[in-house]
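I have placed the structure first, in the form of structure tokens, so that the comments after it can refer back to it.
Number of protein chains: 2
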Amino acid sequence: MAAALTKIRFRDVQIEMAHGAGGKASRRLVEGLFAPILFGPTIEPLADAAHIEVNGTRLAITTDSFVVKPLRFPGGSIGELAVNGTVNDLAVSGARAQALVVTYVLEAGLSTETLETEVRAMAKAASAAGVVIAGGDTKVVENGKADGMYITTAGIGAPIPGLALSPAAVHPGDKVLLSGPIGDHGIAILLARGDLEIEADLCSDTRSVLPLVEAMAEVAAPGLRWMRDPTRGGVATSLNELARDCGFAVILSEDAVPIRDTVRGACEILGLDPLHIANEGQFLAVVSPEHADAALRALRAASGGDQAAIIGEIREQPSATVLGLTGYGGTRVIDMLVGDPLPRIC
Amino acid sequence: MAAALTKIRFRDVQIEMAHGAGGKASRRLVEGLFAPILFGPTIEPLADAAHIEVNGTRLAITTDSFVVKPLRFPGGSIGELAVNGTVNDLAVSGARAQALVVTYVLEAGLSTETLETEVRAMAKAASAAGVVIAGGDTKVVENGKADGMYITTAGIGAPIPGLALSPAAVHPGDKVLLSGPIGDHGIAILLARGDLEIEADLCSDTRSVLPLVEAMAEVAAPGLRWMRDPTRGGVATSLNELARDCGFAVILSEDAVPIRDTVRGACEILGLDPLHIANEGQFLAVVSPEHADAALRALRAASGGDQAAIIGEIREQPSATVLGLTGYGGTRVIDMLVGDPLPRIC
Numbered sequence: 001m002a003a004a005l006t007k008i009r010f011r012d013v014q015i016e017m018a019h020g021a022g023g024k025a026s027r028r029l030v031e032g033l034f035a036p037i038l039f040g041p042t043i044e045p046l047a048d049a050a051h052i053e054v055n056g057t058r059l060a061i062t063t064d065s066f067v068v069k070p071l072r073f074p075g076g077s078i079g080e081l082a083v084n085g086t087v088n089d090l091a092v093s094g095a096r097a098q099a100l101v102v103t104y105v106l107e108a109g110l111s112t113e114t115l116e117t118e119v120r121a122m123a124k125a126a127s128a129a130g131v132v133i134a135g136g137d138t139k140v141v142e143n144g145k146a147d148g149m150y151i152t153t154a155g156i157g158a159p160i161p162g163l164a165l166s167p168a169a170v171h172p173g174d175k176v177l178l179s180g181p182i183g184d185h186g187i188a189i190l191l192a193r194g195d196l197e198i199e200a201d202l203c204s205d206t207r208s209v210l211p212l213v214e215a216m217a218e219v220a221a222p223g224l225r226w227m228r229d230p231t232r233g234g235v236a237t238s239l240n241e242l243a244r245d246c247g248f249a250v251i252l253s254e255d256a257v258p259i260r261d262t263v264r265g266a267c268e269i270l271g272l273d274p275l276h277i278a279n280e281g282q283f284l285a286v287v288s289p290e291h292a293d294a295a296l297r298a299l300r301a302a303s304g305g306d307q308a309a310i311i312g313e314i315r316e317q318p319s320a321t322v323l324g325l326t327g328y329g330g331t332r333v334i335d336m337l338v339g340d341p342l343p344r345i346c
Numbered sequence: 347m348a349a350a351l352t353k354i355r356f357r358d359v360q361i362e363m364a365h366g367a368g369g370k371a372s373r374r375l376v377e378g379l380f381a382p383i384l385f386g387p388t389i390e391p392l393a394d395a396a397h398i399e400v401n402g403t404r405l406a407i408t409t410d411s412f413v414v415k416p417l418r419f420p421g422g423s424i425g426e427l428a429v430n431g432t433v434n435d436l437a438v439s440g441a442r443a444q445a446l447v448v449t450y451v452l453e454a455g456l457s458t459e460t461l462e463t464e465v466r467a468m469a470k471a472a473s474a475a476g477v478v479i480a481g482g483d484t485k486v487v488e489n490g491k492a493d494g495m496y497i498t499t500a501g502i503g504a505p506i507p508g509l510a511l512s513p514a515a516v517h518p519g520d521k522v523l524l525s526g527p528i529g530d531h532g533i534a535i536l537l538a539r540g541d542l543e544i545e546a547d548l549c550s551d552t553r554s555v556l557p558l559v560e561a562m563a564e565v566a567a568p569g570l571r572w573m574r575d576p577t578r579g580g581v582a583t584s585l586n587e588l589a590r591d592c593g594f595a596v597i598l599s600e601d602a603v604p605i606r607d608t609v610r611g612a613c614e615i616l617g618l619d620p621l622h623i624a625n626e627g628q629f630l631a632v633v634s635p636e637h638a639d640a641a642l643r644a645l646r647a648a649s650g651g652d653q654a655a656i657i658g659e660i661r662e663q664p665s666a667t668v669l670g671l672t673g674y675g676g677t678r679v680i681d682m683l684v685g686d687p688l689p690r691i692c
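Each protein sequence line maps, in turn, to chains X and L.
The opening position of the first sequence corresponds to residue 1 in the numbering used here, with each subsequent residue numbered one higher.
The opening position of the second sequence corresponds to residue 347 in the numbering used here, with each subsequent residue numbered one higher.
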């Protein structure tokens with residue numbers, strides 16, 4: 001009964017929306033309550049997927065719940081997110097998704113047509129990602145709960161040979177790569193809710209990033225140090241987690257980060273930093289200086305990777321910090337997301 | 347795009363509570379909508395867990411969402427259910443749970459104390475079941491949604507050597523075993539809600555059944571044909587699924603089924619059949635006639651198995667039917683659960 005004695009550091013008296021936003025509050029909850037009680041000492045509580053041994057074989061496992069509002073939005077839907085999100089968590093942990101399982105919590109009164117649309121979206125996304133759906137479960141809750149549906153997926157994957165990803169493998173001089181433009185998903189959701197009086201042709205970036213990861217791994221596997229998909233909390237939060245976990249500085253060339261005008265404009269109106277906006281089809285990678293150019297070329301040559309960029313590098317100092325360099329020669333400290341400016345985006 | 351062309355047979359225009367109750371409506375939803383669109387042809391849509399090959403190794407995978415009300419009840423809580431339910435789904439598919447992943451959908455305003463209690467309950471149940479929790483995810487939804495919390499677990503397991511379970515392995519003459527008294531969980535939940543003016547000392551039966559399964563497998567593995575944990579829909583629904591899947595008759599000696607007086611009494615008051623009430627710590631097994639006595643002795647000798655019983659047998663006719671034999675020499679057809687008399691019991 002060691003668990004019964006575990007002290008927890010989480011001091012908030014109740015759960016707030018920010019605890020689900022992927023930023024500082026989420027981190028406090030996970031590190032202060034879930035990790036000490038629930039996870040074994042070998043589990044990295046904030047990693048995208050755990051790599052474990054089952055029956056003598058290494059495999060990766062991960063899970064995510066999806067509660068996005070609205071259920072459908074330009075470029076995607078909850079069903080697509082639920083498949084791609086789990087495929088991507090496996091991919092950036094260095095694994096190829098093999099099988100998913102799915103559960104639905106459905107609201108009584110949900111139209112069958114809406115459900116069928118999402119089930120078909122999941123089948124299509126699974127087919128595109130090359131993964132089978134091996135089972136599932138359905139619960140129904142009363143009308144008024146669950147906003148139509150919540151979907152949870154769990155996935156297992158096979159490690160991609162030759163990859164050994166870890167923040168501990170990151171060294172000063174390594175380059176930071178980004179697979180494409182940021183903020184599309186979060187802002188597309190915001191626009192779909194009609195909260196902003198903006199007409200724009202922006203689509204969520206939801207997709208499987210596995211083909212891009214594999215293209216990069218093929219030419220740069222020995223130089224690949226770390227990957228993450230910057231979902232809730234955005235690029236800024238992922239890079240802060242990296243900086244903290246590796247202990248070095250992440251120096252971000254802000255002008256090198258691809259951002260669409262629509263995303264930039266919406267963020268200006270809302271006073272948000274695009275670096276804090278969620279993505280569902282992009283990833284960050286740290287690559288050794290020797291392999292960085294080859295990795296970038298491979299990404300750009302792959303379908304959907306033409307806007308990939310080297311956006312920064314790792315330096316010794318200031319330790320455990322993300323610094324942004326602007327075009328005008330200025331610098332700023334870039335922090336994790338605080339609060340929850342865009343709730344329920346995935 | 348084969349998925350886009352798949353015809354579905356599910357004709358209900360909207361989702362009702364009964365679609366989550368585990369009986370006939372659930373089966374229509376799974377077989378009529380989810381299975382044709384989502385699952386590959388090799389997946390048994392209603393099996394407790396799928397056995398698949400990943401990276402050259404056979405393993406079992408399963409998932410369940412838990413939405414029980416209230417969160418805590420005599421004998422257990424949502425956190426314990428979420429661990430034991432997935433461990434048990436793996437166990438009755440013939441696998442030993444190795445790792446679980448967990449997601450929480452939390453309602454804003456949930457007290458940290460309530461959350462911590464459930465996280466600790468999960469850690470304790472995982473420790474008791476010998477399984478590690480390898481990762482997770484947390485989402486937060488607005489106050490008024492999600493009834494405090496919904497928990498989803500997914501689990502992977504290693505196949506128990508020597509077991510080859512399938513309805514196709516079931517033959518006339520085989521015996522049907524039950525691990526212990528039925529209906530405790532469903533009726534304990536009902537009493538905890540205060541819907542009935544009954545004072546009773548009844549506890550949910552939630553527990554890991556893996557030790558019982560392993561005790562039985564040790565002496566009777568070659569004779570073990572099929573297992574299932576009769577959760578939603580109860581023993582009657584599980585046996586009907588067996589009868590349909592194997593094509594034979596399941597002849598149930600009703601007097602042989604262990605049922606506590608409290609459960610029997612509550613069912614009489616409510617007009618419910620104990621055979622339709624959910625269990626969370628029992629399982630059914632079909633065993634060859636040569637191995638049935640050894641299997642029963644092993645169950646009874648194991649901790650928590652002292653009320654195990656042989657409750658019936660498989661016969662050629664009437665095909666795909668469950669027949670109950672009463673002590674007075676009568677017979678009745680026992681059907682699956684219809685409707686949802688006890689919603690949200692797991």
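Just so you know, even glycine gets a beta-carbon here, dropped at the ideal spot from N, CA and C.
Note that the coordinates shown come from a computational prediction; the quantities given were computed from them, not determined experimentally.
Check: Where Leu698(L) sits in the DSSP three-state scheme; Outcome: One cannot answer for residue 698(L) here, as it falls past the ends of chain L, which runs 347 to 692.
Check: Beta-carbon contacts of Ala332(X) that lie in its chain and below 8 Å, excluding the five residues immediately before and after; Outcome: Residue identity differs from the one stated: residue 332(X) is Arg in this sequence, not Ala. These residues qualify, in order along the chain: Leu323, Gly324 and Thr326.
Check: Contacting residues, own chain, Cβ-Cβ under 8 Å from Gly357(L) (five flanking each side not counted); Outcome: Contrary to the premise, residue 357(L) reads as Arg rather than Gly in this sequence. Hits under 8 Å: Gly378.
Check: Minimum C-alpha distance to Gly186(X) - residue among Phe248(X), Asp89(X), Ala60(X) and Gln282(X); Outcome: Gln282(X)
Check: Unbroken alpha helix (DSSP H) run spanning Ala454(L), endpoints; Outcome: Where Ala454(L) is concerned, there is no enclosing alpha helix (DSSP H), given that its DSSP letter is neither H nor E.
Check: Nearest neighbour of Asp229(X), chosen from Leu242(X), Ala220(X) and Ala221(X) [CA to CA]; Outcome: Leu242(X)
Check: Cα-Cα separation between Ala406(L) and His365(L), rounded to whole angstroms; Outcome: 26 Å
Check: Coarse secondary structure for Ala285(X), derived from DSSP in three states; Outcome: strand
Check: Distance CB(Ala192(X))-CB(Phe73(X)) smaller than 8 Å; Outcome: yes
Check: Chain L residues whose Cβ lies nearer than 8 Å to that of His19(X); Outcome: Leu452, Thr484 and Val486
Check: Any 3 or more C-beta pairs closer than 8 Å across the segment 122–129 of chain X and the segment 442–461 of chain L; Outcome: no
Check: Residue environment, Gly482(L), which counts as buried when at least 16 other CB atoms sit within 10 Å; Outcome: buried
Check: Ile623(L) vs Ile528(L) beta-carbon contact at 8 Å; Outcome: yes
Check: Contact check, Arg244(X) vs Ala21(X), beta carbons under 8 Å; Outcome: no
Check: Residues of the segment 455–472 of chain L with Cβ closer than 7 Å to any Cβ of chain X, in chain order; Outcome: Gly455, Leu456, Ser457, Thr458, Leu461, Glu462, Val465, Arg466, Met468, Ala469 and Lys470
Check: Min CB distance Gln282(X) to chain L below 8 Å; Outcome: no
Check: Thr654(L) and Arg646(L) closer than 8 Å at C-beta; Outcome: Per the sequence presented here, residue 654(L) reads as Ala, with Thr not at that position. Cβ atoms of Ala654(L) and Arg646(L): closer than 8 Å.
Check: Cβ-Cβ separation, Ile269(X) to Val400(L) (assumed contact under 8 Å), whole Å; Outcome: Actually they do not touch by this definition, with Cβ atoms about 47 Å apart.
Check: Residues that DSSP places opposite Ala249(X) in a beta bridge; Outcome: Arg315(X) and Thr321(X)
Check: Range of the contiguous alpha helix (DSSP H) that encloses Glu53(X); Outcome: It is not in any alpha helix (DSSP H) - Glu53(X) instead sits in the beta strand (DSSP E) that spans Ala50 to Val54.
Check: Contact check, His291(X) vs Gly223(X), beta carbons under 8 Å; Outcome: yes
Check: In DSSP terms, what Arg332(X) is bridged to; Outcome: Gly324(X)
Check: Which listed residue (Pro343(X), Arg58(X) and Ala91(X)) has its alpha carbon closest to that of Arg207(X); Outcome: Ala91(X)
Check: Ala129(X) and Gly247(X) closer than 8 Å at C-beta; Outcome: no
Check: Nearest neighbour of Arg373(L), chosen from Pro391(L), Ala567(L), Ala582(L) and Arg571(L) [CA to CA]; Outcome: Pro391(L)
Check: Segment contact, 8 Å Cβ cut-off, at least three pairs: the segment 442–449 of chain L with the segment 501–517 of chain L; Outcome: yes
Check: Nearest residue (CA-CA) to Leu558(L), options Leu536(L), Leu630(L) and Gly490(L); Outcome: Leu630(L)
Check: Any chain X beta carbon closer than 8 Å to Thr403(L); Outcome: yes
Check: Ala441(L) in three-state terms, based on DSSP; Outcome: strand
Check: Distance, Cys267(X) Cα to Gly363(X) Cα; Outcome: With chain X running from 1 to 346 in the structure shown, residue 363(X) is simply not present.
Check: Neighbourhood of Ala515(L) by C-beta distance below 7 Å, restricted to the same chain and skipping five residues each side; Outcome: Arg571 and Trp572
Check: Three-state secondary structure (DSSP) of Val359(L); Outcome: coil
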